[in-house]
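Trainee: The letter at position 335 of the sequence shown is residue 328 when you use our numbering, and the numbering goes up by one with no holes.
Where a beta carbon is used, it is the ideal one built from N, C-alpha and C, also for glycine.
Only a predicted model underlies this, so the values are computations on that prediction, with no experimental measurement involved.
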Amino acid sequence: MNTGGNKKIALFVGGNDNAIGGMETHAKYFCRYFKKIGLLNCVVRKEDIFDIVHDRKQEYSSYEEMTTILRYLDIGVFFFNDGHWIEKFSTLRKDFSSCVMIMRSGGNEFMKAPVTNMSLPIFERQQIWARELNKLDYVISNSSYSTHRMISIGIMKEKIVMVRGGVDTELCRSYARIKLELHRELANKHKIEPSACLLGIVSRFEKFKGIEQTIEALSYASDVKWHLFIAGSGPEKNNILIHLNKWLKPDQYTFLGQLDIEQSMKLIASVDFLINMSLEYERESGMNTYVHTETMGRSMMEAVCCGTPVIATKVGGIPELFEEQGKIGVIVANNKFLAKELEVAIKRNYVVSAQQIEKYDWSYIFNNIYQHLMNIEEKVVHKTNLVVDLEGSIIHDFCDVETNKQNFLEILQLSNICNVIINTAGELDDIFKHYPYVNDYVDKIVIIANCGRKVLLYGDRFLFWEKYYESLYAPNEKIIEQIREYIEREGIKVTKISKVDKLYINFKADGIGEDITNKINALLKDTPYKVCNNNSNIKLISEEIEKGNTLRFICKHVLKTDKSIGIGNGVLDMSFLNQCQKAYFINPKGISANYIGVEVRNPLNMRDFLGVLQNEVKKESSFCNS
């Protein structure tokens, strides 16, 4: 993996300069943040490069001219805001091999897969995209939905980093504090009845946004008073105006046209409901079609942060927002249910209950995720282990399903700064069924599932227990051969080597003594193994596994650190807490010097404990400036 150090960043922007959509919003805030901290050197556009350091624009007409300018500017990080340069990724990787290269995708363009030769079948074009994207260090996905689509066309899972969000939460909070005043101001300005419910559509005007269908569906919501504000721009503008004129009365809507980002957010904070009824729209790409849909929904995240409830369709990545936030509005199957659900929601006086919106903030994303990927931030140099006995410690009956999901997710998110080991008494399949977001963390965590005799270590290095030793055997053949050669050099003939139950390697070595086994063990001191002999049989074993101490084996030989924080409640074997430097016992029946007792009897107690735990993990892990 390449590292960027503190070298400067080039942002590649291939989108429409006049558009205001997800990619353009990302580019604006990216520039603002990294320019402020002095790391953004230039912005590369289709025909020119804006040199931020010298405040000048340099035009180029060829790849060679572009790369000459980039070398002069001493660029260390290439960040692609979109896929405009997709067919140059391999060449750029070859020409700038030491640079960090990252691309952020909106979630649809790699399915569309535009290339120079659009006569190619779409699956071939998608293969080109996957091949080129796999040349980069990271590809940023905006949802689990997008991640699964990326993997489906061949993008390597280890390249994908999911980053949800991208919201100016400080601006949202400022609007949320004066929400009633903004609402009253908007209604008065457009002479709308005070009793009317204000609805908002803030969107690019594209087919897949389903705006025409939404307008028609709203015409049937006759049991309540409402007024619709539409803001945006795009190719469907004329069709939207035609639908407004056809289906709604003039006093039922206000067409605002294109607003800037701040104005759009102010409108979202002013209305009673934001409506986003996106479709799974079959769109042409070359001679083929693909499904174009809502992969994340930034305006809906902005609404959540402003305290404005959302009415949305269950497509693409939208359900993920409702799953992680809970009570933020209404999600429906399609536009046909809009009128009925709107009437119910208005009469119910819906209130948003959002959680942890700071993780949607641009500053959090740039500082905690992007800078980490670019290797230009404070780095974790020594991770502590966090061992969690899941049931009864994090998952509780007194918490509802959504709260348990959120609490577990917060534990998984700590995998950025510590080694998370999940100990569960449940079936592994149930973990993935009830908490599907675990899939996004499998390459960062370890799961030990104690289901009868089945134990599973899950992650990029872990397999079913029964097969674990087979996975260890191949790389350890060299060790086995070295031990055999060592014994023979001592003048003792090895007559038989056999595997027993996948656990041991037996050597038949007549006359071997303790002196030789001690010398061999000295050689094996940095491995998970030792040898022991009995009646001229010498066995290569793992002492921790032999004693059933799975956790010690993982910590010492896989994660390479014994430094651990443990959380348990007595449901599973509590011996693992004795191995932890700091152990928390949830709802203990007595007092012990071996652990810290924590009373967790309600959701509020759980929130407080998670805060303590997060601080403890940060304190125990070691950091340094890169």
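By a C-beta neighbour count over all protein chains shown, 10 Å radius and 16 as the cutoff for buried, is residue 135 buried or exposed?
Mentor: buried
Trainee: Leaving aside the five residues before and after residue 247 along the sequence, list all residues of the same chain whose C-beta is less than 8 Å from its C-beta, in chain order.
Mentor: 183, 220, 221, 222 and 223
Trainee: Under the three-state reduction of DSSP, which class applies to residue 594: helix, strand or coil?
Mentor: Coil at residue 594, not helix or strand.
Trainee: Measuring only the C-alpha atoms, how far is residue 290 from residue 332?
Mentor: 21 Å
Trainee: Below 6 Å CB to CB, which residues in the same chain sit around residue 285 once its five sequence neighbours on both sides are set aside?
Mentor: 101, 201, 274 and 276
Trainee: Give the single residue among 74, 44, 557 and 157 whose Cα lies nearest to the Cα of residue 64.
Mentor: 44
Trainee: Does the distance from the C-beta atom of residue 580 to that of residue 600 stay below 9 Å?
Mentor: no
Trainee: For residue 205 and residue 235, I'd like the C-alpha separation in whole angstroms.
Mentor: 9 Å
Trainee: If I follow the unbroken beta strand (DSSP E) through residue 283, where does it start and stop?
Mentor: Boundaries of the beta strand (DSSP E) harbouring residue 283: 281 to 285, taken from the DSSP string.
Trainee: In the DSSP assignment, find the unbroken beta strand (DSSP E) run with residue 221 in it and report its ends.
Mentor: 219 to 224
Trainee: Thinking C-alpha only, which one of 111, 36 and 190 is nearest residue 339?
Mentor: 190
Trainee: Compute the Euclidean distance between the alpha carbons of residue 225 and residue 207, then round it to the nearest angstrom.
Mentor: 15 Å
Trainee: Throw me the rounded Cβ distance for the residue 262 and residue 175 pair, which I believe falls under 8 Å.
Mentor: 6 Å
Trainee: I'd like to know if the region 157 to 174 and the region 354 to 365 are in contact, where contact means that at least 3 CB-CB pairs between them fall below 8 Å.
Mentor: yes
Trainee: When burial is assigned at 16 or more other CB atoms within 10 Å of the CB, is residue 574 buried or exposed?
Mentor: exposed
Trainee: What separation, rounded to the nearest whole angstrom, lies between the Cα atoms of residue 156 and residue 361?
Mentor: 11 Å
Trainee: With which residues is residue 411 paired in a DSSP beta bridge?
Mentor: 377
Trainee: Take the Cβ of residue 349 as the centre, count every other Cβ of all protein chains shown within 10 Å, and call the residue buried at 16 or more, exposed below.
Mentor: exposed
Trainee: Does the Cβ-Cβ distance between residue 328 and residue 270 come in under 9 Å?
Mentor: Yes.
Trainee: Bridge partners of residue 246, per DSSP?
Mentor: 221
Trainee: Between the beta-carbon of residue 107 and the beta-carbon of residue 79, is there less than 9 Å?
Mentor: yes
Trainee: Apart from the five residues on each side of it in sequence, which residues of its chain come closer than 6 Å, Cβ to Cβ, to residue 317?
Mentor: none
Trainee: For residue 23, name the three-state secondary structure that DSSP assigns.
Mentor: helix
Trainee: Starting from residue 582, trace the alpha helix (DSSP H) both ways and give me its first and last residue.
Mentor: Unbroken run through residue 582: none, as it is neither H nor E.
Trainee: Do residue 299 and residue 596 have their C-beta atoms within less than 9 Å of each other?
Mentor: no
Trainee: Fully enclosed by the region 31 to 112, which alpha helix (DSSP H) runs are 4 residues long or longer?
Mentor: Runs of the alpha helix (DSSP H) inside the region 31 to 112: 56 to 65, 82 to 88 and 102 to 105.
Trainee: For residue 73, count neighbouring Cβ atoms within 10 angstroms of its own Cβ and tell me buried if that reaches 16, exposed if not.
Mentor: Residue environment analysis places residue 73 among the buried positions, since at least 16 neighbouring C-beta atoms fall within 10 angstroms of its C-beta.
Trainee: Give me the residue from 515, 481 and 414 with the minimum Cα distance to residue 441.
Mentor: 414
Trainee: Anyone know if the C-beta pair for residue 319 and residue 138 falls short of 9 Å?
Mentor: no
Trainee: Out of curiosity, what's the CA-to-CA distance linking residue 323 and residue 211?
Mentor: The alpha-carbon atoms of residue 323 and residue 211 are separated by roughly 15 Å.
Trainee: Using alpha carbons as the reference points, say which of 251, 46, 62 and 505 lies closest to residue 34.
Mentor: 46
Trainee: In the DSSP output, what is residue 266 paired with across the bridge?
Mentor: 192
Trainee: The beta strand (DSSP E) spanning residue 155 covers which residue range?
Mentor: Per DSSP, residue 155 is one residue of the beta strand (DSSP E) stretching across 153 to 155.
Trainee: Inspect the beta-carbon positions of residue 266 and residue 308 and report whether they are closer than 9 Å.
Mentor: no
Trainee: Note the first and the last residue of the continuous alpha helix (DSSP H) segment covering residue 213.
Mentor: No alpha helix (DSSP H) holds residue 213; DSSP gives it neither H nor E.
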